[in-house]
Amino acid sequence: MPKKYIRNAGKQWSPAEETRLKELARGNTPTRVIGLKLGRPVAGVRAKASDKGISLKPTNQRPYGKK
674 MPKKYIRNAG
684 KQWSPAEETR
694 LKELARGNTP
704 TRVIGLKLGR
714 PVAGVRAKAS
724 DKGISLKPTN
734 QRPYGKK
């Protein structure tokens with residue numbers, strides 16, 4: 674059974690999805706979670722981030738989900 678988060682694998686990225694990717698990456702969200710939220714495979718998220726020059730490396734912030 675295919676995984677739910679690859680429902681958009683191979684489809685074009687919309688400008689709204691690219692903006693959401695930037696926001697999530699800026700918010701220190703793990704790559705796997707970004708993939709789940711956008712319905713994209715992790716490899717696709719990494720490829721698009723690389724293509725757009727978006728860093729997915731954690732910043733010196735509190736870990737995702739911690740206050």
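The numbers in the working numbering rise by one with no breaks, and the one at position 67 of the sequence shown is 740.
Heads up, the beta-carbon is just placed ideally off N, CA and C, and yes, glycines get one too.
This structure is a prediction, so every number in the text was calculated from the model and none was measured.
Asked: First through last residue of the alpha helix (DSSP H) which encompasses proline 703; Found: From DSSP, proline 703 is part of no alpha helix (DSSP H); its letter is neither H nor E.
Asked: Short Cβ contact (8 Å threshold) for arginine 705 with valine 715; Found: yes
Asked: Buried or exposed by the 16-neighbour rule on C-beta atoms within 10 Å, applied to glycine 717; Found: buried
Asked: Cβ-Cβ distance between leucine 711 and alanine 722 below 8 Å; Found: no
Asked: Local conformation of serine 728 per DSSP, three classes; Found: coil
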